[in-house]
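In this note's numbering, the protein residues as written are 396 to 481.
Here is the structure:
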């Protein structure tokens, strides 16, 4: 089962090398888990169905986005789909 995680209009350039989004669509398709590994506090994003690692979400980094969040998601977990023609 595949869930839609993000829409392209929430993607922004964070210069971190990973696709970054400021708002998820995923709802119950993902779980957010506190991660204190590697000497830092962050929130891991995992698939709610299989538990696989999708990336991390960070807050308070000062990006000019509506949520001040950066969902930094591994591109291997994303399938890009063209927008439906209007």
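We put the beta carbon where it would ideally sit given N, CA and C, even for glycine.
Look up residue i in the DSSP assignment and give the residues it is bridged to.
i, result
"residue 448", "441"
"residue 363", "An answer regarding residue 363 cannot be provided, because it is not within the stretch 396 to 481 covered by the chain."
"residue 454", "464"
Roughly how many angstroms separate the alpha carbons of residue i and residue j, rounded to a whole number?
i, j, result
"residue 464", "residue 479", "27 Å"
"residue 428", "residue 416", "18 Å"
"residue 409", "residue 423", "26 Å"
"residue 399", "residue 472", "11 Å"
How far does the beta strand (DSSP E) with residue i in it reach, from first residue to last?
i, result
"residue 429", "425 to 430"
"residue 467", "464 to 468"
Compute the distance between the beta-carbons of residue i and residue j, then report whether it is under 9 Å.
i, j, result
"residue 460", "residue 407", "yes"
"residue 467", "residue 414", "yes"
"residue 426", "residue 437", "no"
"residue 469", "residue 446", "no"
"residue 448", "residue 439", "yes"
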